[in-house]
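Novice:
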Amino acid sequence: MKLFGTDGIRGVVNEELTPEIAFRLGNALGKYVSNRIF
């Protein structure tokens, strides 16, 4: 399964890209961005 590519994150919804994976990615990105801004 390849989710990361040159065009961003891609995958088949509810198969490769599950709600849990989307949540974890969003959570990690939010933590990363908040640490870099402040």
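Those letters in the sequence shown? Residues 25 to 62, per the working numbering, in order.
For glycine and all other residues, C-beta sits at the position ideal for the given N, C-alpha and C.
Since the structure is predicted, the reported quantities are computational estimates derived from the model, not experimental observations.
CB-CB under 8 angstroms to residue 49, same chain, minus the five flanking residues each way: which ones, in chain order?
Specialist: If we look at residue 49 and ignore the five residues flanking it on each side, its Cβ neighbours are 33.
Novice: Is any heavy atom in the ligand NAP found nearer than 8 angstroms to the beta carbon of residue 32?
Specialist: Summarising the ligand content, the structure contains no ligands, and the ligand NAP is consequently not present.
Novice: Short of 8 angstroms in beta carbon distance, which residues of its chain neighbour residue 41, apart from the five on each side in sequence? Order them along the chain.
Specialist: These residues qualify, in order along the chain: 27, 33, 34, 35.
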